[in-house]
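Written out below as structure tokens is the structure these notes cover.
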Amino acid sequence: MNRAATILISMIVGVVVFQAPTAGGRPGPNMTQTSPTAAVTADETPTTPPVSLRPNIVVTDPTLENNARVAEAVDRFIANGLALPDLDIAFFDDSSSCDDALGRFQRQHSPWRIKICSDLDFVITHELAHAWENANLSDKERNEYLELRGLDAWNDPASDRNERGTEDAAFVIQKSLMTTNPPDSATWRDRIEAFERLTNPTHFPVDPHSAVIENARVARVL
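In our numbering, the protein residues as written are 3 to 224.
In structure tokens, the structure reads:
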């Protein structure tokens with residue numbers, strides 16, 4: 003059993019509290035089953051929440067399998083020093099709940115909400131990447147990333163989905179965190195450079211021995 007699947011469970015007045023262990027024995031994210039949170043009304047502008055290496059992750063209507071999947075995905079961020087905001091994560095059986103997509107990140111709720119409409123493992127990590135970049139990047143950093151990647155807009159609905167900075171960034175983070183031994187290729191060298199630009203150590207105390215950073219060093223040596 004992997005470490006993320008080893009979830010500590012305690013019963014407190016009918017509320018199930020989950021806490022997943024993380025790399026190096028560090029305290030993991032709090033994962034709590036509660037009722038769904040209320041949405042921000044249309045005339046309210048959601049504020050950017052604080053981030054933490056021990057975020058409160060609320061999984062609505064969870065199963066042990068889904069909690070393990072969330073814990074494993076969150077642990078990828080924590081192990082690399084990528085702080086996340088508190089989040090409400092909900093799972094659905096059909097894609098209509100995600101507007102016919104595999105998953106959705108929504109910042110109009112408080113806390114921010116992620117919808118998962120797929121059993122594919124990468125979807126949770128991808129949507130967490132959206133939450134990370136929304137909570138951590140400045141407009142200046144987004145513009146610098148667009149220039150690096152040769153993209154024109156961060157999240158313009160008129161642009162092709164794959165040409166949006168927000169989707170490119172989420173994909174880069176997803177692939178970097180989920181790949182332990184990237185091949186020596188131009189694509190991966192560009193991807194590692196993009197990941198390093200996004201997760202600049204001035205933001206976070208990135209573990210110098212993390213898999214992603216070690217892979218980046220190996221790729222550069224090669």
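Glycine included, each C-beta is placed from N, C-alpha and C at the ideal position.
Just so you know, these numbers come straight off a predicted model, no measurement behind them.
Asked, Found
"Assign LYS142 to one of two classes, buried (16 or more other C-beta atoms within 10 Å of its C-beta) or exposed (fewer than that).", "exposed"
"From PRO227 to TRP190, what does the alpha carbon distance come to, in whole angstroms?", "Since the displayed the chain opens at 3 and closes at 224, residue 227 lies outside it and no answer follows."
"Whole-angstrom Cβ separation of ARG179 and GLU165, contact assumed at under 8 Å?", "At residue 179 the sequence reads Leu, which differs from the Arg that was named. Contact flag wrong, Cβ pair sits at about 22 Å."
"Just to confirm the assignment, what range does the beta strand (DSSP E) spanning TRP114 have?", "114-118"
"Does the region 65-83 touch the region 97-109, meaning 3 or more C-beta pairs lie closer than 8 Å?", "no"
"Taking 8 Å as the CB-CB cut-off, is PRO57 touching chain C?", "Absence of chain C from the displayed structure is noted, only one protein chain being present."
"Is it buried or exposed for PRO64, if we count other Cβ within 10 angstroms and need 16 for buried?", "buried"
"Taking the CB atoms as reference points, tell me whether ARG193 and ILE126 lie closer together than 8 Å.", "no"
"In chain order, what residues of the same chain lie with their CB nearer than 6 Å to the CB of GLU146, ignoring the 5 residues before and after it?", "none"
"Please list the terminal residues of the continuous beta strand (DSSP E) segment that includes THR65.", "Run containing THR65: none; DSSP gives neither H nor E here."
"Whose C-beta lies closer than 6 Å to the C-beta of GLU135 among residues of the same chain, with five residues either side of it excluded?", "ALA171"
"Roughly how many angstroms lie between the CA atoms of CYS100 and ALA133, to the nearest whole one?", "16 Å"
"What did DSSP end up calling ASP90 once you bin it into helix, strand or coil?", "strand"
"Per DSSP, what are the beta-bridge partners of ARG166 in this structure?", "ALA155"
"What's the gap between the Cα of LEU200 and the Cα of LEU84?", "10 Å"
"Return the chain-ordered list of same chain residues with a C-beta closer than 7 Å to the C-beta of GLN176, the five sequence neighbours on each side being excluded.", "PHE124, THR127, HIS128 and ALA131"
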